[in-house]
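Enquirer:
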Amino acid sequence: MSKRPFIIISLTAAGLLVTGCSDLLSGPMVSPDNHIEVGEHGIYVNDLGETTLHKVVVAQPSWVCIQADVIGAPGGMLGCSAVAQGENQEVTVTIDPTDLTWRLHAALYADAGNSGVNEIPDPDVPLLTALGNPVTNEAVLLADPDWITVSDQPLVNDDTVIVERAYAPVPALLVIHDLRDEAVLGYKALQVGENLSVPVQLEVRGQVKDVFAEMHWDINFDGGLNLSDPAAKLSSGEFYMAHFEIQ
């Protein structure tokens, strides 16, 4: 079987500063200073549904919001926090974890109506770049190191391992790799939420001993492992690997 698939996702800020064009917008709503820095490797959401954005800079009182992904574009609103004019460090946003997606979007909205009252989408409209595009930042969902629990074990029926627990916040696949060459030995589609005593049938290749479990986001929602399904990463930027031994 082929080696484990992975994809590198870049975090792309949408705040552009363009000069020399007569049709550029101006004013606080479209200030080039308006921007969001999420985290170096993505967005981590804790058990309380909280995520922390590294930096939010706005030219007027605003809202920074986390939105679900719909085919690569910002979708449903998951949660918002008020931010003051200027630079805001380590901004916490509480979101609804039931509607998480593997890719998320942080977006800025003007607090243009009643001060401190969330009136998105009107009159609290999106802040824009100088070209008139919403100020957003796309990032992947990061994994929690407690999501997978697995112990050293013998094979069941000579070809199956049992993972004690796997928590999937979004549609995902539990994938077992051979540590020798990182080849995929087998995988199992997970239900969103808690998965207990998960059997994963393996393609046994000789004397398999050292293996590891990974979580891959099922971005096609088809329950099959595809080359485009990225392996989850931790906040450190490392792939999330739960190592164990087949005895």
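The end of the sequence shown is residue 402 by our numbering, with every number in the run present. Glycine included, every Cβ here is placed at the ideal spot set by N, Cα and C. In this text, all values refer to a predicted model and were calculated from it rather than measured experimentally.
Could you give the uninterrupted runs of the alpha helix (DSSP H) lying entirely in the segment 253–337, keeping only those of 4 residues or more?
Expert: none
Enquirer: Counting beta carbon pairs with one atom in the segment 261–277 and one in the segment 204–219, are three or more of them shorter than 8 angstroms?
Expert: In the pairwise beta carbon analysis, the segment 204–219 is classified as touching the segment 261–277: at least three pairs are separated by under 8 angstroms.
Enquirer: Beta strand (DSSP E) containing S236: first to last residue?
Expert: As a position in the sequence shown, residue 236 is number 81, starting the count at 1. Unbroken beta strand (DSSP E) run through S236: A228 to V238.
Enquirer: Only counting the same chain, and skipping five residues up and downstream in sequence, which positions put a Cβ closer than 6 angstroms to that of C176?
Expert: As a first step, residue 176 is located in the sequence shown; it is residue number 21 there, counting from the start. With a pLDDT of 37 at C176, under the threshold of 50, the predicted position of this residue should be treated as unreliable, though the coordinate-derived value follows. Counting only Cβ-Cβ distances below 6 angstroms, and skipping sequence neighbours, we find nothing.
Enquirer: Near T207, what residues of its chain come up, given a Cβ to Cβ distance below 6 angstroms and the 5 sequence neighbours on each side ignored?
Expert: If you number the sequence shown from 1, residue 207 lands on position 52. Only E245 and T247 meet the Cβ criterion.
Enquirer: Report buried or exposed for P326, applying the criterion of at least 16 other Cβ atoms within 10 angstroms of its Cβ.
Expert: Residue mapping note: residue 326 aligns to position 171 of the sequence shown, counting from 1. Its Cβ being crowded by 16 or more others within 10 Å, P326 is buried.
Enquirer: What span of residues does the beta strand (DSSP E) with Y342 cover, start to end?
Expert: Taking the first residue of the sequence shown as position 1, residue 342 is located at position 187. Residues V339 to L345.
Enquirer: Give me the Cβ distance between P252 and G197, rounded to the nearest whole Å; I'm assuming they're in contact under 8 angstroms.
Expert: Here residue 252 is taken as the residue at index 97 of the sequence shown, counted from 1. Here residue 197 is taken as the residue at index 42 of the sequence shown, counted from 1. Going by Cβ atoms, the distance from P252 to G197 rounds to 15 angstroms, so no, they are not a contact pair.
Enquirer: Alpha carbon to alpha carbon, how far is G227 from P309?
Expert: Mapped onto the sequence shown, residue 227 falls at position 72. Mapped onto the sequence shown, residue 309 falls at position 154. Going by the C-alpha atoms only, they are around 42 angstroms apart.
Enquirer: Rounded C-beta distance between V355 and T304? I'm assuming under 8 angstroms.
Expert: Start at 1 with the first residue of the sequence shown, and residue 355 comes out as number 200. Start at 1 with the first residue of the sequence shown, and residue 304 comes out as number 149. Not confirmed; about 14 angstroms, so no contact.
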